[in-house]
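Chemist: Encoded as structure tokens, here's the structure I'll be asking about.
Numbering (the numbering used here), first residue to last: -2 to 407.
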């Protein structure tokens, strides 16, 4: 029976392995001589697959896309009576706007719209990014279809090069924030399309920092689709192009953010040395900037510290991740950067979970819920943790665990 959207990574591996008539011994040999006990524990849910690089290696051995082994998008609306988690219901309207306001708009005819000024669109773009950095996706989603339409009209009604540059800059930002939201919701293809359109609009504008921002977003999408080598190449190439132009805090913020994406990609591939080199370069950039939020990247020393925790975990050392987390001043992050705080707390929870410290993991998740509740609904790792803890339910966490699982919809 084909795995459903709630199937674990281990269940998916078992399904595709058996469908191909492959024994556990053969698959273990193909992924580098792992033991059959390792694979048996993963398929039975007794061991977590804690690295994307492991999933990619197994997928390559099974000759299937890595995304096939990843849990599907989480639709967390069925059990809720309020508006929290309703962003996916707006996705069809976003997809329709992306289809209409592309090359076919002039062929099929676009509906009449009241023209908007660049300033009016800029205000809505800033609002959308504010929602994205606080994980208020259900408030942001309804803004997106009109932003896509208005950006298209601004570009196509421009009367001179200056107006065209202004319009394409805004269009690049519209598609960047849209790609981020769709990626968070677990959409399989739309984030890629939006990221490419953001990059194209940025190139049309001639703004090198916007082009770099497009590369940053594309790197995230590439990683999530299992294109790991490209997820390093894109941000590192953009950083190399930006290096001769580091003449402002904004440029250092963008450069450092690109280096962080290089570090994330290298860690996912298991290249410890490159990951540390990229992180060190990002840290040097952070010394120039302090904590800032240029281009809604939340770059600075605090974000470097957050990435040190994540990288320790991705490189296979949850104990070191917990130790690094003690040095992260996440409480100092302003409320408008609650996404950063919540992502960090989820990472900390995962580190505790892998060490089978469910009480500490739940405490971190409850702090994350208080910071940005909607983020928990659309984060696959949270769902995986809660399912795992429910399977090994312990009396000391039973009440808290059931309440959080009910909130998330597990």
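Every residue gets a Cβ at the ideal spot worked out from N, C-alpha and C, and that includes glycine.
The structure presented is a predicted model; accordingly, all values stated were derived computationally and were not measured.
Pick from 267, 110, 84 and 237: whose alpha carbon is nearest that of residue 181?
Modeler: 84
Chemist: Three-state secondary structure (DSSP) at residue 30?
Modeler: coil
Chemist: Rounding to the nearest angstrom, what Cα-Cα distance links residue 315 and residue 364 in this structure?
Modeler: Taking the straight line joining both Cα atoms gives about 19 Å.
Chemist: Taking residue 421 as the reference, give the member of 384, 270 and 339 with the closest Cα.
Modeler: No answer is possible for residue 421: it lies beyond the span of the chain, which begins at -2 and ends at 407.
Chemist: If you compare alpha carbons, which of 94, 227 and 359 is closest to residue 265?
Modeler: It is 227 whose Cα lies nearest to the Cα of residue 265.
Chemist: With residue 131 as the anchor, note down where its alpha helix (DSSP H) starts and where it stops.
Modeler: No alpha helix (DSSP H) holds residue 131; DSSP gives it neither H nor E.
Chemist: Using a Cβ-Cβ cutoff of less than 7 Å, which residues in the same chain neighbour residue 188 once the five nearest sequence positions on both sides are dropped?
Modeler: 176, 179, 180 and 218
Chemist: Less than 7 Å between the beta carbons of residue 94 and residue 63, yes or no?
Modeler: no
Chemist: In the DSSP assignment, the alpha helix (DSSP H) including residue 207 goes from what residue to what residue?
Modeler: In the DSSP assignment, residue 207 falls within the unbroken alpha helix (DSSP H) covering 205 to 221.
Chemist: For residue 396 and residue 283, what's the separation of their Cα atoms in angstroms?
Modeler: Taking the straight line joining both Cα atoms gives about 42 Å.
Chemist: Shortest alpha-carbon distance to residue 119 belongs to which of 153, 166 and 400?
Modeler: 166
Chemist: From what residue to what residue does the alpha helix (DSSP H) around residue 48 run?
Modeler: No alpha helix (DSSP H) holds residue 48; DSSP gives it neither H nor E.
Chemist: Quick check on the burial criterion: 16 or more other C-beta atoms within 10 angstroms. Buried or exposed for residue 129?
Modeler: buried
Chemist: How far does the alpha helix (DSSP H) with residue 202 in it extend, from its first residue to its last?
Modeler: 187 to 202 is the extent of the alpha helix (DSSP H) around residue 202.
Chemist: Within a Cβ cutoff of 6 Å, which residues of the same chain sit near residue 27, ignoring the five residues on either side of it in sequence?
Modeler: 58
Chemist: For residue 162 and residue 406, I'd like the C-alpha separation in whole angstroms.
Modeler: 45 Å
Chemist: Which of the three DSSP states, helix, strand or coil, is assigned to residue 353?
Modeler: coil
Chemist: Alpha carbon to alpha carbon, what distance is there between residue 54 and residue 74?
Modeler: Residue confidence is low: residue 74 scores 38 on pLDDT, short of 50, so the model does not pin down where it sits. No coordinate-derived value is stated.
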